[in-house]
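For the sequence shown, full-length UniProt numbering gives the first residue as 1, with consecutive numbering after it.
Glycine residues also receive a C-beta, built at the ideal position from the N, C-alpha and C atoms.
Predicted model, so just to flag it, every value in this text is computed and none were measured.
Here is the structure we will look at, set down as structure tokens.
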Amino acid sequence: MRGSILAYPLANLVHLAGLVLLIGCIGLLDLRLLGAVRALPVAAMIRYMVPAAGLGLVLLIASGIAMFAADATALAKHDGFRLKLLLILAGVMNAGLVHAIWLRRSAWQEPGRQMPPGLRIQAAVSLALWCWVAVEGRMIAYG
Ligand code: HEM
1 MRGSILAYPL ANLVHLAGLV LLIGCIGLLD LRLLGAVRAL PVAAMIRYMV
51 PAAGLGLVLL IASGIAMFAA DATALAKHDG FRLKLLLILA GVMNAGLVHA
101 IWLRRSAWQE PGRQMPPGLR IQAAVSLALW CWVAVEGRMI AYG
């Protein structure tokens, strides 16, 4: 990563593309689950947004590992970076729970249904966690 002029900026670009995919897709779905944009059908959003967000996460992890390799010793000791990794773990666990608890059931996904309160809480947690991860990622550059 340090031996090439292009490698780090390219990894950074891929990281940002992954960020747009992840927060763009999962953020919009979270807002829908919280009661916004009710005109969009929730079942169709889940079908398209969840795989796209998953692709975003894969891009983020792959490019993140590449950028980490450029300055591994300092980053491994950086409190903000460690917090970011913990937040990512929490976000992935929350998404896993949403899958296990809600995505297997389909009744609440029918048009006109109220979102279950437990799912709303998990959507709010998801939105907060992924935004926090992005803020932590940006803050690392400021020390
Ligand atoms: C949900 C997942 C993630 C999100 C939302 C995220 C977000 C961000 C953001 C917004 C930046 C700042 C980019 C910029 O300033 O141009 C960043 C930088 C970075 N990220 Fe991530 N990231 C994620 C996952 C990861 C992972 C899994 C790793 C490593 C294993 C990682 C390692 C890094 C590194 C090394 C930087 C550069 C830090 C610096 O400025 O020195 N990221 N990330």
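Euclidean distance between Cα positions of residue i and residue j
{"i": "residue 36", "j": "residue 96", "result": "23 Å"}
{"i": "residue 25", "j": "residue 129", "result": "14 Å"}
{"i": "residue 46", "j": "residue 84", "result": "26 Å"}
{"i": "residue 38", "j": "residue 18", "result": "26 Å"}
{"i": "residue 101", "j": "residue 2", "result": "44 Å"}
{"i": "residue 91", "j": "residue 122", "result": "10 Å"}
{"i": "residue 105", "j": "residue 87", "result": "27 Å"}
{"i": "residue 42", "j": "residue 74", "result": "43 Å"}
Terminal residues of the alpha helix (DSSP H) in which residue i lies
{"i": "residue 139", "result": "117 to 139"}
Near ligand 1: residue i beta-carbon under 7 Å from a heavy atom
{"i": "residue 82", "result": "no"}
{"i": "residue 17", "result": "no"}
{"i": "residue 138", "result": "yes"}
{"i": "residue 64", "result": "yes"}
{"i": "residue 133", "result": "yes"}
{"i": "residue 12", "result": "yes"}
{"i": "residue 1", "result": "no"}
{"i": "residue 26", "result": "no"}
{"i": "residue 29", "result": "no"}
{"i": "residue 232", "result": "As displayed, the chain neither begins before 1 nor continues past 143, which places residue 232 out of reach and without an answer."}
{"i": "residue 103", "result": "no"}
{"i": "residue 22", "result": "yes"}
* Could you name each continuous alpha helix (DSSP H) segment of 4 residues or more that falls completely within the region 21 to 84, going from the start of the chain to the end? => 42 to 70 and 72 to 77
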